[in-house]
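Chemist: Protein chains in written order, with the numbering used here: chain A, 1 to 316; chain B, 317 to 632.
I'd like to ask you about the structure that follows.
What follows is the structure, encoded as structure tokens:
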């Protein structure tokens, strides 16, 4: 399946330019950046930018846009490793465990300076403003998630605010950014903005769903990570409403007792929360696909549709 | 003395705009930003930007520039609190002790998103490029400082590379940024660039000098902080050359034995390293003042000269 490839459009050029733009004469930075390149990742965000560009017939500055969204995402990962105390990040030892928090944060800042550079190279100050808004919502989403854990205050509205910020905002910047660079009509720009927004939400909803309901062998990481970090996602929120006592108990001890996770999984299956999640994700995917209607048919448009539909396939 | 005022040009407008631009609807971010506003600081970087603008007769976007340099600096402080494990930062408890590393790093990222926004509001993509370069050198300087500690590798060239990155680069962006916004001749732009560079180096040289040789009562913080953090500055580098054995011994135990610091101070006085530092700072200050020659006389030009000269007064 196409979408599982590292990057099907201009793949090698992207990786080459990435290496180039990450280069630093400071050895410690270079080590962390090489780690990032080697770790790879799915390059979902640059793919979104390049596909959106291709769906518009190609826009000037598409490569800078693709690199900028990937680097902003990578910087977040470097800054997030401290936050999440993540045990596995993209299947490799988290950078901060090797080099310490200090270099991790500062190398993230180095990446952000490269984002600034890439944006400047498009010559489009409006793109800088678009990224400013995305970066603001990203930081706010991440802090809000932390605040929710600290206050133990949760609601569906807040959950959506968090995932919109930490995931959908940057994906929206990837697709809407291509429209901006292409100077297309506000209708087409709106279409790509909506696609990025719905796709981003579908992506995070699916990620959060699998974090509880997935199979470790397919995920490549242990399930229940969110619960162990005290994060409430949509499905645990629903379980809290349906089975307040048992769910609260398990969440309070962060699923540390044997059988806690399988108990929650069983409740989600029996009570319908799991099915409701799948329905919710399906609706988002459909909204993402429907958003693309104003765009003329093209291979790239089909690839964007497939990218969204793949979120559903991952649930099976 | 003028330069000890919070900000003598457009001071209240700056503080008002700062408050406005820092506003976030996320409570945890708001708490950290309020802390930053309350802590104040000397606002040296925005002062440089506003004085450089005034020396050119006022340039469009000067306030955005002034806010952007201050916020980039503040973001560095938030990211640095983790790095330095600083006990006192701007005379208040470091933000991270109150709210944890997570919120500190992410609130720094929030500030950086506001920098992006401010830059975009000038409508000048060249300013974005100027900041990209400054931010890159800033991150590289900070990581290099960390790397030097880790490898215990020190040289005068590397010391200058570190302080150029972590301090002078952003001060240069403040003054050169004003020239860029004013579309002035390359001669005037070069003058303001040079001023920022030399002033920045003088500023950090003076800071590093006082960290060993200053009086705690005047500094408002304990002396010897750099040595305790394993950082080698120019004066300790000279002491290492002059008195290798005793200095290395003290540095290795990070001045933890009683009398270590006063011993180094005495050696610096007796062997001439202290006097040589003062001479070095004086030369930088003179270079900063001389750089301003191409600018027409004005109150602002005089204020920039006084700002540089004040670095010498602080040594007495």
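We put the CB at the ideal spot given by N, CA and C, even for glycine.
Distance check for residue 178 of chain A and residue 279 of chain A, CA to CA, integer angstroms please.
Modeler: By one-based count along the first chain, residue 279 of chain A stands at place 279. By one-based count along the first chain, residue 178 of chain A stands at place 178. Taking the straight line from one Cα to the other gives about 30 Å.
Chemist: Using a threshold of 7 Å, state whether the C-beta atoms of residue 624 of chain B and residue 609 of chain B are closer than that.
Modeler: Here the question's residue 624 of chain B lines up with position 308 in the second chain. Here the question's residue 609 of chain B lines up with position 293 in the second chain. No. Outside cutoff.
Chemist: So, do the segment 167-178 of chain A and the segment 249-261 of chain A have three or more beta carbon pairs nearer to each other than 8 Å?
Modeler: With the cut-off at 8 Å, the segment 167-178 of chain A and the segment 249-261 of chain A do not touch.
Chemist: Check residue 185 of chain A in the structure and name its three-state DSSP category.
Modeler: Looking up residue 185 of chain A in the first chain gives position 185. Coil at residue 185 of chain A, not helix or strand.
Chemist: Just to confirm, is the Cβ distance from residue 146 of chain A to residue 418 of chain B under 7 Å?
Modeler: One-based indexing of the first chain puts residue 146 of chain A at position 146. One-based indexing of the second chain puts residue 418 of chain B at position 102. Cβ distance < 7 Å, so residue 146 of chain A and residue 418 of chain B count as in contact.
Chemist: Which residues in chain A have a C-beta closer than 9 Å to the C-beta of residue 440 of chain B? List them in chain order.
Modeler: Counted from its first residue, the second chain places residue 440 of chain B at position 124. Going along chain A in sequence order, the residues near residue 440 of chain B (Cβ under 9 Å) are 125.
Chemist: I'd like to know if residue 140 of chain A contacts chain B, where contact means its C-beta is closer than 7 Å to some C-beta of that chain.
Modeler: What you label residue 140 of chain A is simply residue 140 of the first chain in a count that begins at 1. Answer yes: the Cβ-Cβ gap between residue 140 of chain A and chain B drops below 7 Å somewhere.
Chemist: What span of residues does the alpha helix (DSSP H) with residue 260 of chain A cover, start to end?
Modeler: On the first chain, residue 260 of chain A is found 260 positions in, with the first residue counted as 1. Residues 260-271.
Chemist: Could you tell me whether the segment 333-349 of chain B touches the segment 425-433 of chain B, using the rule of 3 or more Cβ pairs below 8 Å?
Modeler: yes
Chemist: Who are the near neighbours of residue 349 of chain B in its chain, counting only those whose CB is closer than 6 Å to its CB and skipping five residues on each side?
Modeler: For the purposes of this step, residue 349 of chain B is identified with residue 33 of the second chain, where counting begins at 1. Once the five neighbours on either side are set aside, the close Cβ partners of residue 349 of chain B are 338.
Chemist: Please list, in chain order, all residues of the same chain as residue 51 of chain A whose beta carbon is under 6 Å from its beta carbon, the five residues on each side excluded.
Modeler: As a working note, residue 51 of chain A is residue 51 in the first chain. 300, 303 and 304.
Chemist: Could you give the C-beta distance for residue 234 of chain A and residue 277 of chain A, rounded to a whole number, given that I count them as a contact under 8 Å?
Modeler: On the first chain, residue 234 of chain A is found 234 positions in, with the first residue counted as 1. On the first chain, residue 277 of chain A is found 277 positions in, with the first residue counted as 1. Contact holds; Cβ gap of about 7 Å.
Chemist: Do residue 69 of chain A and residue 174 of chain A have their C-beta atoms within less than 7 Å of each other?
Modeler: In the first chain, counting from the first residue as 1, residue 69 of chain A sits at position 69. In the first chain, counting from the first residue as 1, residue 174 of chain A sits at position 174. Closer than 7 Å, so yes.
Chemist: Taking the runs of the alpha helix (DSSP H) that are 4 residues or longer, which of them lie wholly in the segment 30-80 of chain A?
Modeler: Fully enclosed alpha helix (DSSP H) runs of 4 or longer: 44-55.
Chemist: Can you tell which of B:370, B:373 and B:331 has the C-alpha that lies nearest to the C-alpha of residue 354 of chain B?
Modeler: Along the second chain, read from residue 1 onward, the residue named residue 354 of chain B stands at position 38. Looking at the Cα atoms, B:331 is the closest of the given residues.
Chemist: Can you find a CB in chain B that lies within less than 7 Å of the CB of residue 301 of chain A?
Modeler: Locating residue 301 of chain A in the first chain gives position 301, counting from the first residue. Taking Cβ atoms only, chain B never reaches closer than 7 Å to residue 301 of chain A, which makes this a no.
Chemist: Report yes if the C-beta distance between residue 441 of chain B and residue 184 of chain A is below 7 Å; otherwise report no.
Modeler: Start at 1 with the first residue of the second chain, and residue 441 of chain B comes out as number 125. Start at 1 with the first residue of the first chain, and residue 184 of chain A comes out as number 184. Going by C-beta atoms, residue 441 of chain B is not nearer than 7 Å to residue 184 of chain A.
Chemist: Going along the chain, which residues of its own chain have a beta-carbon closer than 7 Å to the beta-carbon of residue 601 of chain B, five neighbours each way excluded?
Modeler: Locating residue 601 of chain B in the second chain gives position 285, counting from the first residue. Within the same chain, 518, 624, 625, 627 and 628 come within 7 Å of residue 601 of chain B by CB-CB distance, once the 5 residues on both sides are set aside.
Chemist: Contact between the segment 130-141 of chain A and the segment 195-212 of chain A: three or more CB pairs below 8 Å?
Modeler: no
Chemist: Could you have a look at residue 449 of chain B and say whether DSSP puts it in helix, strand or coil?
Modeler: Start at 1 with the first residue of the second chain, and residue 449 of chain B comes out as number 133. Reduced to three states, the DSSP call for residue 449 of chain B is helix.
Chemist: Taking the alpha-carbon of residue 109 of chain A as reference, which of B:362, B:537 and B:458 has the nearest alpha-carbon?
Modeler: Residue numbering aside, residue 109 of chain A sits at position 109 when the first chain is read from its first letter. Ranking the options by Cα distance to residue 109 of chain A, first place goes to B:458.
Chemist: Apply the 10 Å Cβ neighbour rule to residue 181 of chain A and answer buried if 16 or more other Cβ atoms are within range, or exposed otherwise.
Modeler: Residue numbering aside, residue 181 of chain A sits at position 181 when the first chain is read from its first letter. Residue 181 of chain A comes out buried.
Chemist: Just checking my contact of residue 140 of chain A with residue 345 of chain B at CB under 8 Å: how many whole Å lie between their CB atoms?
Modeler: Counting from 1 along the first chain, the entry for residue 140 of chain A is found at position 140. Counting from 1 along the second chain, the entry for residue 345 of chain B is found at position 29. That pair is a contact at about 7 Å.
Chemist: Is the CB-CB distance between residue 148 of chain A and residue 213 of chain A below 7 Å?
Modeler: Taking the first residue of the first chain as position 1, residue 148 of chain A is located at position 148. Taking the first residue of the first chain as position 1, residue 213 of chain A is located at position 213. Going by C-beta atoms, residue 148 of chain A is not nearer than 7 Å to residue 213 of chain A.
Chemist: DSSP three-state label for residue 162 of chain A, please.
Modeler: What you label residue 162 of chain A is simply residue 162 of the first chain in a count that begins at 1. DSSP places residue 162 of chain A in helix when its eight states are reduced to three.
Chemist: So, residue 476 of chain B versus residue 548 of chain B, is the Cβ gap smaller than 7 Å?
Modeler: Position 160 of the second chain, counting from 1, holds the residue named residue 476 of chain B. Position 232 of the second chain, counting from 1, holds the residue named residue 548 of chain B. Contact flag unset, no.
Chemist: How long is the line joining the alpha carbons of residue 631 of chain B and residue 531 of chain B, rounded to whole angstroms?
Modeler: Against the second chain, residue 631 of chain B aligns to sequence position 315. Against the second chain, residue 531 of chain B aligns to sequence position 215. In a straight line, the C-alpha of residue 631 of chain B is about 10 Å away from that of residue 531 of chain B.
Chemist: Name, please, each residue of chain A whose Cβ falls closer than 7 Å to the Cβ of residue 419 of chain B.
Modeler: Along the second chain, one-based indexing puts residue 419 of chain B at 103. Here the neighbours are 143 and 146.
Chemist: Measuring only between beta-carbons, confirm whether residue 621 of chain B sits less than 7 Å from chain A.
Modeler: Here the question's residue 621 of chain B lines up with position 305 in the second chain. Residue 621 of chain B does not count as touching chain A.
Chemist: Quick one: list the residues of chain A neighbouring residue 367 of chain B, beta-carbon separation under 9 Å, in chain order.
Modeler: As a first step, residue 367 of chain B must be located in the second chain, where it is residue number 51. The contacting residues do not exist; residue 367 of chain B stays about 25 Å from chain A at best.
Chemist: Residues of chain B with CB under 8 Å from residue 77 of chain A, in chain order?
Modeler: Indexing the first chain from 1 puts residue 77 of chain A at position 77. Those do not exist, as residue 77 of chain A stays about 12 Å from chain B at its closest Cβ, beyond 8 Å.
Chemist: With a cut-off of 7 Å, does the C-beta of residue 13 of chain A fall near any C-beta of chain B?
Modeler: The sequence position of residue 13 of chain A within the first chain is 13, counting from 1. No, because no Cβ of chain B sits closer than 7 Å to the Cβ of residue 13 of chain A.
Chemist: Determine the chain A residues that contact residue 482 of chain B at a beta-carbon separation under 9 Å, and present them in chain order.
Modeler: Along the second chain, one-based indexing puts residue 482 of chain B at 166. Neighbours of residue 482 of chain B on chain A: none; closest Cβ ~10 Å, over 9 Å.
Chemist: Can you look up residue 547 of chain B in the DSSP assignment and give me helix, strand or coil?
Modeler: Sequence index remark: in the second chain, residue 547 of chain B carries index 231 (1-based). In the structure shown, residue 547 of chain B sits in coil (DSSP, three-state: anything other than H, G, I, E or B).
Chemist: Just curious, the alpha helix (DSSP H) that residue 245 of chain A is in, first and last residue?
Modeler: For this step, residue 245 of chain A is matched to residue 245 along the first chain. Start and end: 244-252.
Chemist: By the criterion of Cβ-Cβ separation under 7 Å, what are the contact partners of residue 576 of chain B in chain A?
Modeler: Position 260 of the second chain, counting from 1, holds the residue named residue 576 of chain B. Under the 7 Å cutoff, chain A gives no residues; its nearest Cβ is about 25 Å from residue 576 of chain B.
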